[in-house]
Structure formats: structure tokens, C-alpha cells
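J.: Encoded as C-alpha cells, here's the structure I'll be asking about.
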Amino acid sequence: MTFSFFNATFFDQAVLGITPILLAALAGTLSERVGLFNIALEGEMLVGAFAAVAGSHFGGSLQAGVLAAIAAGALFSGLLAVGSALLRGNDIVIGISLNLLAAGLTSFLLRTLFGVSGTFSDSAMAGLPRLTIPGVVALPLVGSALGHQNALVYVSWALVVVIAVFLNRTPWGLRLRGIGEQPAAAIALGADATRYRFIVTLIGGALCGLAGLQLSLGSLTLFSENMTAGRGWIAVAAVMLGRARPPYVAAACVLFGLSDALGLRLQGEGLPNQLTDSAPYIVTLAALVIAGLRERRLTVAVR
Amino acid sequence: MTIAVEVRLQLRRHLGPLLPVVGAVAVGFGMCGLIALWVGFSPSLMFVQLIKGAVEGPQMFETVARAVPLVGMSLAAAIPLRAGIVNLGADGQLALGGCAAAIVALYLPAPDLVRLALALTAGMVVGSCYAAVAAAGEIYAGVPLLLSTWLLTYPAKGFCGYLVRTSLRDPATAWPSTTRIAVGARLGHLFPGTPVNQGFLLIAAVALAVIFIDRRSSVGYELRMRGINERFARYGGVALNRQTLGVMLASGAIAGLVGAIMVLGSQFRYTDGALTAPQYSWSGTLAALLAGGEPLGSVIAAVLFAALQTGGFAMERSVEIPRVLTMVLQSVVILFLAMRGAIWKRS
Numbered sequence: 571m572t573f574s575f576f577n578a579t580f581f582d583q584a585v586l587g588i589t590p591i592l593l594a595a596l597a598g599t600l601s602e603r604v605g606l607f608n609i610a611l612e613g614e615m616l617v618g619a620f621a622a623v624a625g626s627h628f629g630g631s632l633q634a635g636v637l638a639a640i641a642a643g644a645l646f647s648g649l650l651a652v653g654s655a656l657l658r659g660n661d662i663v664i665g666i667s668l669n670l671l672a673a674g675l676t677s678f679l680l681r682t683l684f685g686v687s688g689t690f691s692d693s694a695m696a697g698l699p700r701l702t703i704p705g706v707v708a709l710p711l712v713g714s715a716l717g718h719q720n721a722l723v724y725v726s727w728a729l730v731v732v733i734a735v736f737l738n739r740t741p742w743g744l745r746l747r748g749i750g751e752q753p754a755a756a757i758a759l760g761a762d763a764t765r766y767r768f769i770v771t772l773i774g775g776a777l778c779g780l781a782g783l784q785l786s787l788g789s790l791t792l793f794s795e796n797m798t799a800g801r802g803w804i805a806v807a808a809v810m811l812g813r814a815r816p817p818y819v820a821a822a823c824v825l826f827g828l829s830d831a832l833g834l835r836l837q838g839e840g841l842p843n844q845l846t847d848s849a850p851y852i853v854t855l856a857a858l859v860i861a862g863l864r865e866r867r868l869t870v871a872v873r
Numbered sequence: 002m003t004i005a006v007e008v009r010l011q012l013r014r015h016l017g018p019l020l021p022v023v024g025a026v027a028v029g030f031g032m033c034g035l036i037a038l039w040v041g042f043s044p045s046l047m048f049v050q051l052i053k054g055a056v057e058g059p060q061m062f063e064t065v066a067r068a069v070p071l072v073g074m075s076l077a078a079a080i081p082l083r084a085g086i087v088n089l090g091a092d093g094q095l096a097l098g099g100c101a102a103a104i105v106a107l108y109l110p111a112p113d114l115v116r117l118a119l120a121l122t123a124g125m126v127v128g129s130c131y132a133a134v135a136a137a138g139e140i141y142a143g144v145p146l147l148l149s150t151w152l153l154t155y156p157a158k159g160f161c162g163y164l165v166r167t168s169l170r171d172p173a174t175a176w177p178s179t180t181r182i183a184v185g186a187r188l189g190h191l192f193p194g195t196p197v198n199q200g201f202l203l204i205a206a207v208a209l210a211v212i213f214i215d216r217r218s219s220v221g222y223e224l225r226m227r228g229i230n231e232r233f234a235r236y237g238g239v240a241l242n243r244q245t246l247g248v249m250l251a252s253g254a255i256a257g258l259v260g261a262i263m264v265l266g267s268q269f270r271y272t273d274g275a276l277t278a279p280q281y282s283w284s285g286t287l288a289a290l291l292a293g294g295e296p297l298g299s300v301i302a303a304v305l306f307a308a309l310q311t312g313g314f315a316m317e318r319s320v321e322i323p324r325v326l327t328m329v330l331q332s333v334v335i336l337f338l339a340m341r342g343a344i345w346k347r348s
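Going down the list, the sequences are from chains A and B.
Using the working numbering, the first residue of the first sequence is number 571, and each one after it goes up by one.
Using the working numbering, the first residue of the second sequence is number 2, and each one after it goes up by one.
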């Protein structure tokens, strides 16, 4: 059973499951490092998913969908940027209301623009094409999972490196981290905290837009209401678990992607989907509890 | 002269905090009007239908019936909010509470009234215990409640969905649900011929109790103190962990009670998704946020939201504007208030 259980489809699904969470978690990582608690990832992702479908349907091309997703994600996160970075409102309350606004707005637009409720799909709409990496795809078991994915999957992996380098090896990254850790000191040294927070929030929105794009046009070509299904919150958990360090955050996302795929796989084995669908959430909670307990033990030991 | 000044001062004192709320509601309505205009509907006709649909004739009772779960959920959100804690898991506690109530009402061999009372209790206890799981996670492992409560809703909904598809399934229905609860074990009508049931009295009693505890007891005082300044509350001797647990137990119990009331009073069976689909918990959370966790304000906001939603149904029927627009309106109001820093100033 063990070999056939973890088959090529399993790893393919894991990679597909990782991508949207990873993109959103990178957005959350940037926010966290600049000192903002971004819990609107879920809503930004949902808006991106909707915009991707709307853009490619009305724009008539995949490129239009991609641009729409990025623009809509950034635009929507602009509300958070204005409220939280500029006006210094409470980021938790703004985040909660943005998530709700995203759910309401996308349902409303689904009904008015497309005249349907629940799910919209258009056969003329193209999903993101898969690219093949010649050497990698020949690997056994994980070949197609790692070497035959759409461009966005590879972009998301590259972004882990890009963001890690940006944060740790560039002057802007240093200022960004400074603002997050010691705002007063960073400001005294001349860093414009508001501008950094504003821009980071917008970039985070664009990343979440891409995460939504992956959901609606990545492997499927449809939008359904609340299709993010808590992935934005799992991303928040990943940022926490990885302590906003990109490589560790990515590792946490891999864990959640694997548990997502495990749920699907167990469903294939005949387990009821109402129970297997809970797998990613339970794994996330378990990981948070284990990490929390470990941290407690360490702090006690240090004392 | 001095009297005029005094009146003005008093007015400012009492109405001053309300001004941003009124402003935000106006902005919300304005934005929804614009959205309606953009999609091609007449905003004035929309608002007329919305208001008529909420209060005209028998619609009034629909609003009251809808206010029962909404007020309950707003209190479930307001109690933690008062102490600066967010419980986003009310949906899971609601579903489990409703499911537990259905099981007791269906299968417990006891006289009708006892069964009803125990079913309500079961709903509260189960909701309460599930909320306590999240509280324990924060107390013992430092998992933030904001995150754990939300993530816990999915397994809860999944578990109830599984039960009504397997062992509890009524084979006669197309949609997964339990069999119908016997008439004797239901909550009866409060006003004959209207959808308002005795759950109204239960929620009214809960609301009065919460308002009283908040204003007049030391428990309420400690809660408010923590909401204003947690470090001060700790310094003043409030056992924060115990308070977290107590707050979540109370919040979960109310959410579970709402689930039990909906199952025993209006749906008469636990149907998969029927309790969570109307998103009472979201509206309840928004109502509580609107009032900054103050219980009386939360109740009033919840009643207003209930009117808005009932009006939304009528609006959808008559002018064909999707009623989900009312959800947009609710979130825009809170968003605007939060951006202005009128809710929960950053600490």
C-alpha cells in the first residue's frame, strides 16, 4: 500500500496545494516583518481568484486574467494599506471586515456580472499552461510534480529566494525589518515607516492576487464562492510557524500542502470527504500547538 | 446661556461617540447606492424596498425572528471582544451545538419537556466545550485564539456534516439531514402565525443577563478593564488565563444555544450547512465590533442588521438586487469605522 499510496498524483496535488498558501504566506511574511498583522490574506486571495476569472472572461485572454488578479489583489489591499498603514486603525478589525467584504463583494459580483450563484465556469477560459523542465520531469515519483507545473508554481518557489535575499541582503530589507522590530529607531534613522508599510501591504495584495489566480485558473478554470476555504488563514499560521523567515515559512507551507494532498488521497481510499477535508486545518492546529509547547519549554529552560 | 452650554456638553457626551457610527452607516449606504447604480438599479427604489421589506406588516415578525440568532451571535462575539479577545469560531460552536441538540431531542428517552430542556443544555455544553479547546490552546501552547477559533470551525462543520450523512441520516430527504424532531420536544411559537418562537425569550434573557453582568458585576468590570488595558488588569490581580477560559466558555455556550434554538425552534432537524449558511456568526461579529463589544450596543446593532437582512430578501424579490449586497453594506460600515480608528484604537 505504502508505495501506491504516495503516488505521482499525490505529489502533484501536494504541489498544487502548496502554491496558493505559499504565495499568500510570503505576503504575510513581508507584512509581519514590517510590523503589520495581516489577516486579510484570505479576502485578498478571494478577490484575486474572482478577478482572474472575470479578467480572462471579459478580457478574452489569460494575460488579462493574470493582470486583473494582480491589480485586484493590490487594489483591495489598498484598503488595508490606507486603514492600517496610513490611518493607523486596528489591523485585526480591518482584516476581519475586509475578509467579509471580499466574500460579500465576490458573491454579489458573481450574481450581477455572471448571473449565477455558487460557481461560474466558462469553457472558453484557458487555465495556466503547464511548463516542462526537461531533466526534472524524468525523476521517478515526483517528476511531474516538480518538473511539469504551471509557471506560477515556479514563480512562487523563486519568490521564496527573492524575498529572503531582499529581506536579509538589501538596504531596503534592512530598513523594512528595522521598522518592524524597532519602529522608533528606524524612523529616527530616517526610514519612512508609513511608506514602507503602505508599499509592503500593496505588494502583499498583489501576491495574494496571484495566490487567487492559482486557485481559480491554476489547475481548474472556475470561480466558486468562498473557494479560498480558509487557505488565507492557514497562510497566517504558516507565517507564525516559520516566524516570518521565508525558508521556514515555505517549509510550513509544504507541510500544509502535503496534508491537503493526504486528505484528498484518503478520500480516494474511501474515507468520507467531510472528515478528510478537515485534514489541513487539524494538521495546522497540531503544528501550532507543538511549536507553541516547544517554545514554552525552551523559555522555561532559559529561565 | 449656561444651560445651553450644559445641554450642548451633555449632547456631545452622550451622542459624540455615536457620530462616527452614524457617519459610517451613511457612507455604507452611499457606497451600496453607488454599487446599485453601477450595476444598473435605482438606488432610491432599492432603499425603499429594503426598508419596507424589513418593517412593513408581517415582515416585522420576520425581522424579529431573524434577530434572535443574530442577537445571540452578536453576544457570543461581544463577550470576548469586551476583553479584547476575538472568537471567530462561533460557526463551529453553532453547528456542534445545533447538532448536539438535535441528537438529544431525537434519541433521548425522556418526557418531552425534559428532552427539550436537556437538548438546549446539550447545545450550550457542547458549544462551550468546543470553544474551551481554543482557549486551552492559547493558555497552554500560546496558539492565538484569533487563528485557532477560525481553524476549528472547519473540522466542526465537517464532523456534523459527516454525522448527518451517515448514522443520523434521514433517508427520506434529498439533502443530508436528521429526521424531524417530535412536536413535543420543539420550542413552540411565541406569537401564533408568525415565525417567532420561544427562543426569543431565551435569547432576551441571555441578553439581559449579559448586560447586567457587564455593567453591575465584578466579573464584568474585570472584563472591561482587560479590554481597556490588559497589563493594568493583570497588575490589578485579574487571573487572565482563567478569564480567557471563562470568556470562551460563555461565548461558546451562547453560540451553541443559538444552534439549539434554531434546530428546536425553526428547522426541527439538523440539516447540513443550514445553520452556518446564513452567516449569523459573521453578522454577529460585525454587530459586536460596531458596538465595540458593549453588550446593549451589540444587541441594537444586531437587530438593525437583522432588519437589513430581512429587507434584503424583499429587495431581492422585488427589484432583483442580490441580497448579498446587505453583507457588503455591513462590512463596509465596520471597515470604515475601523479605518477611522473608531473601533479599538491601536495599542
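Note that CB positions come from ideal geometry on N, CA and C, so glycine has one too.
Does GLY674 (chain A) get closer than 8 Å to chain B when you measure Cβ to Cβ?
T.: As a first step, residue 674 (chain A) is located in the first sequence; it is residue number 104 there, counting from the start. Cβ-Cβ to chain B under 8 Å: yes for GLY674 (chain A).
J.: Listed in chain order, which residues of the stretch 125-151 of chain B have Cβ atoms closer than 8 Å to some Cβ of chain A?
T.: Here the close residues are GLY138, TYR141, ALA142, GLY143, VAL144, PRO145, LEU147, LEU148, SER149, TRP151.
J.: Out of curiosity, what's the CA-to-CA distance linking ALA175 (chain B) and ALA278 (chain B)?
T.: Position 174 of the second sequence, counted from the first residue, corresponds to residue 175 (chain B). Position 277 of the second sequence, counted from the first residue, corresponds to residue 278 (chain B). Cα to Cα, ALA175 (chain B) sits roughly 18 Å from ALA278 (chain B).
J.: Which partner residues does GLN244 (chain B) have in the DSSP bridge list?
T.: Here residue 244 (chain B) corresponds to residue number 243 of the second sequence, with the count starting at 1. DSSP, once it has assigned bridges, lists no residue as partnering GLN244 (chain B).
J.: Report the rounded CA-to-CA distance for SER332 (chain B) versus ALA111 (chain B), giving the unit in angstroms.
T.: What you label residue 332 (chain B) is simply residue 331 of the second sequence in a count that begins at 1. What you label residue 111 (chain B) is simply residue 110 of the second sequence in a count that begins at 1. Distance between the alpha carbons of SER332 (chain B) and ALA111 (chain B) is about 45 Å.
J.: Let me know if SER348 (chain B) comes out buried or exposed under the rule of 16 or more other beta-carbons within 10 Å of its beta-carbon.
T.: Numbered from its first residue, the second sequence carries residue 348 (chain B) at position 347. Residue placement at SER348 (chain B) is poorly supported in this model, since its pLDDT is 40, which falls under 50; the coordinates are not used for a value here.
J.: So, does the CB of PRO279 (chain B) fall closer than 8 Å to a CB anywhere in chain A?
T.: Along the second sequence, one-based indexing puts residue 279 (chain B) at 278. No, because no Cβ of chain A sits closer than 8 Å to the Cβ of PRO279 (chain B).
J.: For a test of the three-state rule: what should DSSP assign to ARG83 (chain B), helix, strand or coil?
T.: Taking the second sequence and counting its residues from 1, one reaches residue 83 (chain B) at position 82. Helix at ARG83 (chain B).
J.: Got a sec, what are the start and stop residues for the alpha helix (DSSP H) THR511 (chain A) sits in?
T.: Any question about residue 511 (chain A) goes unanswered here, given that chain A covers just 571 to 873.
J.: Taking only three categories from DSSP, how would you classify PHE42 (chain B)?
T.: The residue you call residue 42 (chain B) lines up with position 41 of the second sequence. Coil, per DSSP.
J.: Of the residues B:GLN244, B:GLY143, B:LEU309, B:PRO81, which one's Cα is nearest the Cα of PHE30 (chain B)?
T.: Sequence index remark: in the second sequence, residue 30 (chain B) carries index 29 (1-based). Taking only the C-alpha atoms, the option nearest PHE30 (chain B) is B:LEU309.
J.: Would you mind listing the alpha helix (DSSP H) stretches within the stretch 742-801 of chain A that are 4+ residues and don't spill past its ends, in chain order?
T.: 753-758, 763-787
J.: Can the beta-carbon of GLY748 (chain A) be found closer than 8 Å to that of ALA734 (chain A)?
T.: The count along the first sequence starts at 1 and reaches residue 748 (chain A) at position 178. The count along the first sequence starts at 1 and reaches residue 734 (chain A) at position 164. No, they are not a contact pair.
J.: The stretch 172-184 of chain B: which residues have C-beta closer than 8 Å to a C-beta of chain A, in chain order?
T.: Taken residue by residue, none of the stretch 172-184 of chain B has a beta-carbon sitting less than 8 Å from a beta-carbon on chain A.
J.: Taking TRP742 (chain A) as the query, report the chain B residues whose CB atoms sit under 7 Å from its CB, ordered along the chain.
T.: In the first sequence, residue 742 (chain A) corresponds to position 172, counting from 1. Under the 7 Å cutoff, chain B gives no residues; its nearest Cβ is about 25 Å from TRP742 (chain A).
J.: Given a cut-off of 8 Å, decide if ALA208 (chain B) and VAL56 (chain B) are closer than it, judged by their beta-carbon atoms.
T.: What you label residue 56 (chain B) is simply residue 55 of the second sequence in a count that begins at 1. What you label residue 208 (chain B) is simply residue 207 of the second sequence in a count that begins at 1. For VAL56 (chain B) and ALA208 (chain B), no; Cβs fall outside 8 Å.
J.: Taking only the alpha-carbon atoms, compute the straight-line gap between GLN1 (chain B) and SER829 (chain A) and give it to the nearest angstrom.
T.: No statement about residue 1 (chain B) is possible, as the shown extent of chain B runs from 2 to 348 and does not include it.
J.: Output, in chain order, the set of chain A residues within a Cβ distance shorter than 8 Å of ARG341 (chain B).
T.: What you label residue 341 (chain B) is simply residue 340 of the second sequence in a count that begins at 1. Under the 8 Å cutoff, chain A gives LEU657, GLY659.
J.: State yes or no: is the C-beta of ARG681 (chain A) within less than 8 Å of the C-beta of VAL127 (chain B)?
T.: Taking the first sequence and counting its residues from 1, the one referred to as residue 681 (chain A) is at position 111. Taking the second sequence and counting its residues from 1, the one referred to as residue 127 (chain B) is at position 126. Not in contact: ARG681 (chain A) and VAL127 (chain B) (Cβ atoms no closer than 8 Å).
J.: Sort A:GLY862, A:VAL723, A:GLY665, A:GLN633 by Cα distance to GLU612 (chain A) and report the nearest one.
T.: Taking the first residue of the first sequence as position 1, residue 612 (chain A) is located at position 42. The residue with the shortest Cα to Cα distance from GLU612 (chain A) is A:GLY665.
J.: By the DSSP assignment, the beta strand (DSSP E) with HIS718 (chain A) in it spans what residues?
T.: Taking the first sequence and counting its residues from 1, the one referred to as residue 718 (chain A) is at position 148. Here the beta strand (DSSP E) through HIS718 (chain A) covers 718-720.
J.: Could you name the residues of the same chain whose beta carbon sits closer than 6 Å to that of LEU836 (chain A), not counting the 5 residues immediately before and after it, in chain order?
T.: Position 266 of the first sequence holds residue 836 (chain A). Around LEU836 (chain A): THR846.
J.: Using only the alpha-carbon positions, how far apart do GLY58 (chain B) and THR64 (chain B) sit?
T.: Locating residue 58 (chain B) in the second sequence gives position 57, where the first residue counts as 1. Locating residue 64 (chain B) in the second sequence gives position 63, where the first residue counts as 1. Roughly 11 Å separates the two Cα atoms.
J.: Measuring only between beta-carbons, confirm whether TYR766 (chain A) sits less than 8 Å from chain B.
T.: For the purposes of this step, residue 766 (chain A) is taken as the residue at position 196 of the first sequence. Chain B, which has no Cβ nearer than 8 Å to the Cβ of TYR766 (chain A), makes this no.
J.: Does the count of Cβ pairs from the stretch 85-94 of chain B and the stretch 268-287 of chain B closer than 8 Å reach three?
T.: yes
J.: Show which residues of chain A have a CB atom less than 7 Å away from the CB atom of ALA323 (chain B).
T.: Translated into the one-based positions of the second sequence, residue 323 (chain B) becomes position 322. Going by the sequence as given, residue 323 (chain B) is Pro instead of Ala. Under the 7 Å cutoff, chain A gives PHE678, ARG681, THR682.
J.: Chain A partners of VAL333 (chain B), CB-CB under 7 Å?
T.: On the second sequence, residue 333 (chain B) is found 332 positions in, with the first residue counted as 1. Simply LEU671.
J.: Taking the continuous beta strand (DSSP E) assigned at ARG815 (chain A), which residues delimit it?
T.: Here residue 815 (chain A) refers to the residue found at position 245 of the first sequence. Careful: ARG815 (chain A) lies outside any beta strand (DSSP E) and carries neither H nor E.
J.: Between the C-alpha atoms of ARG739 (chain A) and PRO816 (chain A), what's the straight-line distance to the nearest angstrom?
T.: By one-based count along the first sequence, residue 739 (chain A) stands at place 169. By one-based count along the first sequence, residue 816 (chain A) stands at place 246. Spanning the two alpha carbons is a distance of roughly 13 Å.
J.: At a Cβ threshold of 8 Å, is LEU20 (chain B) touching chain A?
T.: Numbered from 1 along the second sequence, position 19 holds the residue referred to as residue 20 (chain B). For LEU20 (chain B), the answer is no, since every Cβ of chain A falls outside 8 Å of its Cβ.
J.: Using three-state DSSP, classify ASN198 (chain B) as helix, strand or coil.
T.: Here the question's residue 198 (chain B) lines up with position 197 in the second sequence. The answer is strand: DSSP assigns ASN198 (chain B) an E or B state.
J.: Got a sec? Which residues, its chain only, sit under 7 Å from VAL723 (chain A) by beta carbon, not counting five neighbours each side?
T.: Sequence index remark: in the first sequence, residue 723 (chain A) carries index 153 (1-based). Cβ within range, chain order: VAL585, THR589.
J.: Kindly confirm or deny that the stretch 637-655 of chain A and the stretch 710-723 of chain A touch, where touching means at least three C-beta pairs closer than 8 Å.
T.: no
J.: Sort A:ILE703, A:ILE769, A:GLY635, A:ALA763 by Cα distance to ALA649 (chain A) and report the nearest one.
T.: The sequence position of residue 649 (chain A) within the first sequence is 79, counting from 1. The sequence given here has Leu at residue 649 (chain A), not Ala. Of the candidates A:ILE703, A:ILE769, A:GLY635, A:ALA763, the residue whose Cα lies closest to the Cα of LEU649 (chain A) is A:ILE769.
J.: Should TYR271 (chain B) be flagged as near chain A, meaning a C-beta pair shorter than 8 Å?
T.: Counting from one through the second sequence, the residue named residue 271 (chain B) turns up at place 270. No - not a single Cβ of chain A is within 8 Å of the one on TYR271 (chain B).
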